[in-house]
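*Asks:* Just passing along the structure, written as structure tokens.
In my numbering, the protein residues as written are 16 to 310.
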């Protein structure tokens, strides 16, 4: 009989709950001491503060202490794909990811969660134990308002606070702990159910990319040859920043396209980070407040 895949010990929900009541600096050290790789993000936001962002994530408590001594109000970014994988369900004026989540729950694909966190925008993070010998890459499906945070991704964790689209400051809050035994999630099966391959139409390469279409920008980046690929990635990431898209979305969409051209993960991270520092976003247009649902 085959043995189930080995999993790393996920972050104990009790630890997450305790961290949520501590200062940001103390919480960051708590996560690191539990073996979670963390890094500082901008106060009130999700943007990394270190030069290489996610690639700088560390569980070295001394390094973490140095970071939060320098940036005591920094939010906490936690690298996924190591101890935990996360299903990120969005709730925004543009769409509601809970519709897709209900479909996944009906199919029995999301049952193994270890704990659930409410996000500042009233969305949901479902935490799952990661599988060390079978890493699952992060992906984003904006059409159904669900993202998967696995290898190459990160989430913001308690007690971090983020300013939402309507200007409100909200926090990440543990709202449920599983009474069942947690189990890894099959991210590919989840994606296939919610966005069948036949619905994923290939985007043609563009001679001149469209500024407002993130997927077309990614497709254009993927066509670039050596000598222009880094400049193209930088240009595309600047367009993302100007549209005030989260930097993590740039990594999720532009990252695989840039890897296709042969750029290393480190080069991709540095280039996107540089673009977000350089680009000046336009003044945001006020949006209506998202409705709050009880889950």
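Cβ coordinates follow ideal geometry from the N, Cα and C atoms, glycine included.
Keep in mind that this is a model prediction, so the values were computed, not measured.
1. Would you report the Cα separation of residue 119 and residue 85, rounded to the nearest angstrom?
2. Drop a sphere of 10 angstroms on the beta-carbon of residue 287, count the other beta-carbons inside from all chains shown, and report buried for 16 or more, exposed for fewer.
3. Just to confirm my understanding: we take residue 134, look at its own chain, exclude 5 residues before and 5 after, and list those with CB closer than 7 Å. What are they?
4. May I ask you to report which of helix, strand or coil DSSP gives residue 174?
5. Does the separation of the CB atoms of residue 106 and residue 190 fall below 8 Å?
6. For residue 154, which of helix, strand or coil comes out of DSSP?
7. Use the C-beta contact count for residue 122: other C-beta atoms within 10 angstroms, 16 or more gives buried, fewer gives exposed.
8. With a threshold of 7 Å (Cβ to nearest heavy atom), would residue 127 be considered close to the ligand FAD?
9. For residue 249, which of 258, 280, 293 has the nearest alpha-carbon?
10. Could you check how far apart the C-beta atoms of residue 202 and residue 233 are, in whole angstroms? I think they sit under 8 Å.
11. I need the DSSP call for residue 148, collapsed to helix, strand or coil.
12. Report the rounded CA-to-CA distance for residue 278 versus residue 165, giving the unit in angstroms.
13. For residue 63, does the three-state DSSP call read helix, strand or coil?
14. With three or more C-beta pairs closer than 8 Å as the rule, is the segment 242-262 touching the segment 141-160?
*Replies:* According to the structure shown:
1. 42 Å
2. buried
3. 140, 187
4. coil
5. no
6. strand
7. exposed
8. Among the components modelled here there is no ligand, and therefore nothing to report on the ligand FAD.
9. 293
10. That pair is no contact at about 19 Å.
11. coil
12. 20 Å
13. strand
14. no
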